[in-house]
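Participant:
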Amino acid sequence: ERLQQAAEDLVHYLGRRIGVPPALARDGKAVAGPAIYVGRCEATLETDLPDPKLGPECYAVRQREGSLYLLGRYSTPSAFAVYDFLQRELGIRWYAPGELWEYVPAPAPGLTCEVTERVVVPDTSPRVWSGHQWTPSWQRWNLRNRTMPSEVVPRRQFQNFLYQVFPPAEYAASHPEYYPLVNGKRYIPPADYRYWRPCESNPEVVQRTVEYIRRWFDARPTVDSFSLGMDDIVYVCGCDPCRAMDPHPDSYARRQFSDRHYKFVNAVAREIAKSHPDRYIGTLIYNIARELPETVARLEPNVFGSLTETSGAWWMPGRREADHELTRQWAARVSHLSRYDYYGFASITPRFVPHLMDEQLKFDQRLGLEGMYVEVYTFLPHNAPMIYALAQLQWDTSQSVDALLTEFYARMYGPAAATMQRYYDLLERTYLEPRPGRGVWEHRNLPNQALAMSPEAVDEGLALLQQAAREAATPAERQRLEIVRAALEYGGLAVKTYALSRQLAELKVTNTTEAASALQMVEELGRLGAEREACWAAAPERDDLLGETVRGLGQMGYLVLDQAARLEAGGATAALRLLSWYTAHEPGQLGAVAARLAKVASGEVAPTATAWHWVEQNRPPNLVATGGFEGGPGLPPGWSTWDRTGDAKIGLAAGEGRTGQACSVAGAEVAVVMQHLAVQPGERYLCHVWIRPAAGAGRSGYLAIRYQNANGSWLSGRQGEKSVDMVDSTDWQLLVLRAEVPAEAGRLVLMLGARDQAADDRLLFDDAAVYRLP
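One point on numbering: in the numbering used here, the residue at position 441 of the sequence shown is 497, and numbering is uninterrupted.
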């Protein structure tokens with residue numbers, strides 16, 4: 057199918073270049089006279105093919121006896137040869153999916169071109185892109201830009217597959233000891249659940265794994281690898297022999313599992329080398345197995361690894377060199393190393409970092425890294441020049457990224473190219489600026505996405521796009537610019553909304569002037585929110601690159617637009633602060649202020665303010681048991697905790713509360729203090745807690761609500777869940793959420809959380825409350 061597409065494209069684009077499409081013969085027969093032969097045909101000689109030692113993804117462009125031969129040893133590399141010819145000899149470009157974003161030089165009847173004979177071996181093999189194939193036009197773009205792997209690729213299998221070796225239906229009853237010991241019991245996973253590891257110290261587990269892999273390879277003669285990779289694993293064995301494979305007594309509690317993992321990988325690899333010396337064991341070097349093992353000096357020669365990295369995070373001080381050094385050390389310990397990175401995170405704001413990408417690719421090439429897996433998931437109207445450059449550099453890292461970008465701007469924007477270069481330079485510059493509260497991980501985190509750009513950069517970018525639109529010479533150039541402008545508006549409204557929300561969350565109201573100003577800011581937040589809602593609702597209906605991007609990321613579940621309340625939470629906080637101030641100082645104005653807040657057009661301001669006003673007037677009972685955390689010495693009745701690593705320090709802090717005691721959480725990777733409340737579907741609640749940093753970072757706390765059914769199981773699809781984060785501040789701040797109980801829920805779980813704390817960071821929580829609303 058790929059080869060067929062390539063042949064049809066060859067006819068189509070040749071026709072556009074010379075004015076008349078050539079004939080296409082699909083039978084592969086030799087013809088009299090000059091011809092272009094695509095793939096293996098009757099006229100093909102063995103000497104036309106590239107040397108198999110060069111790898112399965114290479115291809116050749118040959119001339120012989122007046123004919124041109126475009127071919128590889130498999131169909132996909134043969135298609136690559138076609139697109140290389142179209143690009144290099146005929147000047148065709150596909151800068152982004154869709155006809156609007158392709159470049160074809162003007163027709164030239166009688167065209168002649170010099171063809172350079174060549175055998176092309178990709179610098180990066182294999183190239184695996186996920187999250188960049190939303191429509192047929194995107195899939196064609198991938199083929200034309202040679203981003204997809206061949207039918208046969210070297211060392212591809214490295215992601216979590218081990219769970220398939222031990223299906224519970226086959227082993228759970230007869231061999232429960234194969235499964236991980238968790239909290240003193242063998243954990244038997246549900247069928248097809250993948251986030252667990254077997255008891256890797258068990259010799260039978262090793263032997264069963266070896267037997268399975270041998271059968272796997274025997275049934276798949278063209279697959280050269282099997283994966284023992286460890287990804288987002290939840291359940292890891294805690295038996296004594298498995299813990300003995302770890303380097304330290306507290307490694308299990310700290311979830312440091314590199315040593316046991318690579319001991320297991322090496323044990324399996326040694327056995328596989330005996331029966332299948334030409335095959336490989338692959339592993340993902342990630343998460344709980346990313347750091348270098350202390351007791352494993354080197355991986356077996358038949359092991360390859362794919363090392364994860366977030367090169368877009370190199371705006372953080374020290375991050376770039378730390379990643380480079382880890383790559384150097386892994387390159388010294390494993391014979392075959394590849395890269396795994398995240399270029400998009402489905403972020404709705406620009407994540408445009410082509411020079412970091414270029415630095416990473418060239419660094420990896422110098423060290424001898426082989427392949428690359430890219431989680432693309434990009435908001436393409438922002439980042440298309442970078443993604444185009446990535447596709448080209450993976451084949452030839454010696455190219456200049458600036459030359460590739462400059463060509464993109466000139467071909468797509470014509471006379472506006474210089475202005476658009478300024479625009480994209482602005483996107484790159486603003487992304488690389490650290491900002492208070494900003495974190496690395498933008499995936500499924502709308503506030504982090506909103507902090508990836510400044511409000512000032514949004515305004516400057518929109519002004520540059522207006523200038524470019526005036527400079528553009530053709531309807532196609534103006535259409536492309538309008539798509540880019542609409543995308544910046546889409547993400548920029550999140551940036552502006554969140555910036556204003558953060559101001560409101562920290563705003564103090566101590567007099568009439570401050571109160572009036574705060575009220576105007578809350579109303580402006582509502583206006584921005586209404587504009588955002590309209591923009592976000594319209595985008596999926598567009599028949600262009602923006603619409604395709606929004607629909608594609610949305611269908612994957614990666615667009616977290618339901619987190620919009622997190623962007624506007626400061627408005628609700630400020631509204632409650634205003635109501636409290638007017639209640640205490642100008643009660644005669646309270647009704648008018650409440651009425652204005654009730655008219656705020658978007659988000660949680662109006663319903664939260666209305667709910668709070670009702671609570672203040674009616675004083676319903678607080679349904680939280682001991683919301684003020686009085687008592688002790690342990691947490692009061694009704695409260696329980698969850699701690700991902702077991703290292704967090706959770707307890708009471710005498711005299712540090714707003715009045716009396718507070719709940720203290722310190723040193724948490726992720727930990728929550730929670731209370732379960734019986735509820736019924738359709739009921740409405742107002743939930744809040746006061747929070748303050750006692751030491752260290754002041755942005756690691758949050759309030760969340762989740763739901764369980766009456767039997768205590770979490771609702772599927774995370775229905776009705778909400779959360780709100782604290783802002784950087786040293787003062788007590790109020791976090792508020794409205795809850796509407798979804799169908800099938802029987803319990804509301806109020807969660808006071810801390811995440812990403814350093815060892816000496818400490819948060820205080822006090823005066824938690826949940827009120828039933830009418």
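For every residue, glycine included, the Cβ atom is placed at its ideal position computed from N, Cα and C.
(1) Just the C-alpha distance for residue 78 and residue 86, rounded to the nearest angstrom, thanks.
(2) At the level of alpha carbons, what is the spacing between residue 502 and residue 93?
(3) Touching or not, the stretch 297 to 315 and the stretch 250 to 267, by the rule of three or more beta carbon pairs under 8 Å?
(4) Based on Cα-Cα distance, which residue from 732, 386 and 270 lies nearest to residue 336?
(5) Using a Cβ-Cβ cutoff of less than 6 Å, which residues in the same chain neighbour residue 748 once the five nearest sequence positions on both sides are dropped?
(6) Thinking just about the alpha-carbon of each residue, which of 65, 117 and 121 is nearest to the one in residue 129?
(7) Cβ atoms of residue 442 and residue 413: under 8 Å apart, would you say?
(8) If we count Cβ pairs, one from each stretch, closer than 8 Å, do we get three or more for the stretch 656 to 667 versus the stretch 586 to 593?
(9) Residue 637 lies in the alpha helix (DSSP H); which residues open and close that run?
(10) Beta carbon of residue 712, beta carbon of residue 704: below 8 Å?
(11) What are the uninterrupted segments assigned as alpha helix (DSSP H) that are 4 or more residues long and contained completely in the stretch 638 to 671, given in chain order?
(12) Name the DSSP bridge partner or partners of residue 162?
(13) Does the Cβ of residue 197 have 16 or more other Cβ atoms within 10 Å, making it buried, or fewer, making it exposed?
(14) Taking the alpha-carbon of residue 688 as reference, which of 514, 709 and 439 has the nearest alpha-carbon?
(15) Relative to the alpha-carbon of residue 831, which residue among 496, 604 and 662 has its alpha-carbon at the smallest distance?
(16) Taking residue 743 as the reference, give the member of 720, 728 and 761 with the closest Cα.
(17) Reducing DSSP to helix, strand and coil, say where residue 363 ends up.
(18) Can you give me the Cβ contacts of residue 686 inside the same chain, cut-off strictly under 6 Å, excluding the 5 residues immediately before and after it?
(19) Under three-state DSSP, which class holds residue 823?
(20) Assuming residue 508 and residue 366 form a contact by the criterion Cβ under 8 Å, report the distance between their Cβ atoms to the nearest whole angstrom.
(21) Rounded to the nearest angstrom, what separates residue 165 and residue 159 at their Cα positions?
(22) Round the Cβ separation of residue 386 and residue 363 to the nearest angstrom and send it over; I've been treating them as touching at under 8 Å.
(23) If you measure between the beta carbons of residue 372 and residue 492, is that distance less than 8 Å?
(24) Do residue 380 and residue 426 count as a contact pair if the criterion is CB distance below 8 Å?
(25) By DSSP, does residue 116 sit in helix, in strand, or in coil?
(26) With distance defined between alpha-carbon atoms, name the residue in 220, 184 and 773 nearest to residue 203.
(27) Starting from residue 553, trace the alpha helix (DSSP H) in both directions and tell me its first and last residue.
(28) Helix, strand or coil: which one does DSSP assign to residue 719?
(29) Quick check for students: name the residue ranges of the beta strand (DSSP E) that lie wholly in the stretch 460 to 510, counting only runs of 3 or more.
(30) Spatial neighbours of residue 119 within its chain, please: CB distance less than 7 Å, with the 5 preceding and 5 following residues excluded, ordered by chain position.
(31) What do you get for residue 97, buried or exposed, if any count of 16 or more other CB atoms within 10 angstroms of its CB means buried?
(32) Starting from residue 758 and walking both ways along the beta strand (DSSP E), at which residues does that stretch end?
(33) Below 8 Å between beta carbons: does that hold for residue 181 and residue 233?
(34) Between 435, 430 and 464, which has its C-alpha nearest residue 445's C-alpha?
Facilitator: Let me lay it out:
(1) So the alpha carbons of these two residues sit roughly 16 Å apart.
(2) 50 Å
(3) The stretch 297 to 315 is in contact with the stretch 250 to 267.
(4) 270
(5) 788 and 820
(6) Among 65, 117 and 121, the Cα nearest to that of residue 129 is on 117.
(7) Here residue 413 is near residue 442, since their CB atoms are less than 8 Å apart.
(8) yes
(9) 625 to 641
(10) no
(11) For secondary structure counted as the alpha helix (DSSP H) over 4 or more consecutive residues, the stretch 638 to 671 holds these complete runs in sequence order: 643 to 654.
(12) None, per the DSSP bridge assignment.
(13) buried
(14) 709
(15) Nothing can be reported for residue 831: it is not among the residues displayed for the chain, which extend from 57 to 830.
(16) 761
(17) If DSSP states are grouped into helix, strand and coil, residue 363 belongs with the strands.
(18) 716 and 717
(19) strand
(20) Not confirmed; about 13 Å, so no contact.
(21) When only Cα atoms are considered, residue 165 and residue 159 end up about 18 Å apart.
(22) 5 Å
(23) no
(24) Taking 8 Å as the cut-off, the Cβ atoms of residue 426 and residue 380 do not count as close.
(25) strand
(26) 184
(27) Per DSSP, residue 553 belongs to the alpha helix (DSSP H) from 531 to 562.
(28) strand
(29) none
(30) 171 and 173
(31) buried
(32) Annotation for residue 758: the continuous beta strand (DSSP E) segment containing it runs 757 to 764.
(33) In this structure, the beta-carbon distance from residue 181 to residue 233 does not fall below 8 Å.
(34) 464
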